[in-house]
Amino acid sequence: MDCIFCKIANKEIPSTIVYEDDEIIAFNDVNPEAPVHILVIPKKHISSLDAAMPEDEQLLGRILLTIQKIAREQGIAEAGYRVVNNCGELGGQTVHHMHFHLLGGREMLWPAG
Ligand code: AMP
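Take the working numbering: the final residue in the sequence shown is number 224, and no numbers are missing along the way.
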């Protein structure tokens, strides 16, 4: 499958990995929008949050708790951080492998653009 994030998960293309287990991998965004900008993805190909299935319930929960763990490790948990999932065309999703942005190290604006 020609999916850039599957290739990152399979180590076929390089990335700066900050966390990995058997189901999840997290790496620095190549075009950071904040001092900390990490993408957290399932290794399994799920094209978007909208494509997740009931059997992915545990995986989705694990992803959120992994984000919490990474935020603590990165030293941004106390000050606060933002977690973003862009889903589909109007949601601004450009890479069609579900991923969660972990952003921190600066004040976040709201509403999002
Ligand atoms: P989204 O617009 O939510 O689909 O986000 C896709 C993100 O993937 C963007 O923030 C890109 O900067 C990031 N990205 C694309 N290619 C790579 C790559 N090879 N390594 C790390 N991040 C990437």
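Even for Gly, the Cβ is constructed at its ideal location relative to N, Cα and C.
Can you name the start and end residues of the beta strand (DSSP E) that residue i belongs to?
i: Glu131; result: Ile128 to Glu131
i: Ala137; result: Ile135 to Asn139
i: Arg193; result: Tyr192 to Val195
i: His210; result: Neither: His210 is in no beta strand (DSSP E) and is coded neither H nor E.
i: Ile157; result: It is not in any beta strand (DSSP E) - Ile157 carries neither H nor E in the DSSP assignment.
According to the Cβ coordinates, are residue i and residue j closer than 8 Å?
i: Ala163; j: Met209; result: yes
i: Ile232; j: Arg173; result: An answer regarding residue 232 cannot be provided, because it is not within the stretch 112 to 224 covered by the chain.
Taking residue i as the reference, which of the options has the closest Cα?
i: Asn114; options: Gly224, Pro153 and His212; result: Inspection of the sequence shows that residue 114 is occupied by Cys rather than by Asn. Here the closest residue by C-alpha is Pro153.
i: Leu201; options: Ile149, Ile128 and Asp161; result: Asp161
i: Phe116; options: Phe138, Asp133, Asp132 and Tyr130; result: Phe138
i: Leu176; options: Leu213, Asn121, Ile119 and Ala120; result: Leu213
i: Val129; options: Val151, Ala145 and Glu144; result: Val151
i: Pro143; options: Pro165, Asp133 and Thr127; result: Thr127
i: Pro125; options: Val141, Leu170 and Lys180; result: Val141
i: Ala182; options: Leu170, Ile149 and Pro165; result: Ile149
i: Ile178; options: Gly191, Glu123 and Trp221; result: Gly191
i: Lys180; options: Pro165, Glu123 and Asp132; result: Asp132
Taking 6 Å as the limit between beta carbons, can you name the residues of its chain near residue i, skipping five residues before and five after?
i: Ile157; result: Ala163 and Met209
i: Val147; result: Gln185, Ile187, Gly215 and Gly216
i: His207; result: Ser158
i: Arg193; result: Leu214 and Met219
Considering residue i, what are the terminal residues of the alpha helix (DSSP H) in which it resides?
i: Arg183; result: Glu168 to Glu184
i: Ile227; result: Nothing in the structure corresponds to residue 227, since the chain is present only between 112 and 224.
Excluding sequence positions up to five away, which residues of its chain have a Cβ less than 7 Å from the Cβ of residue i?
i: Cys198; result: Ser159, Leu160, Asp161 and Gln204
Starting from the C-beta of residue i, find all residues in its chain whose C-beta is less than 8 Å away, skip the five residues before and the five after it, and write them out in chain order.
i: Val195; result: Phe211, His212, Leu214 and Ala223
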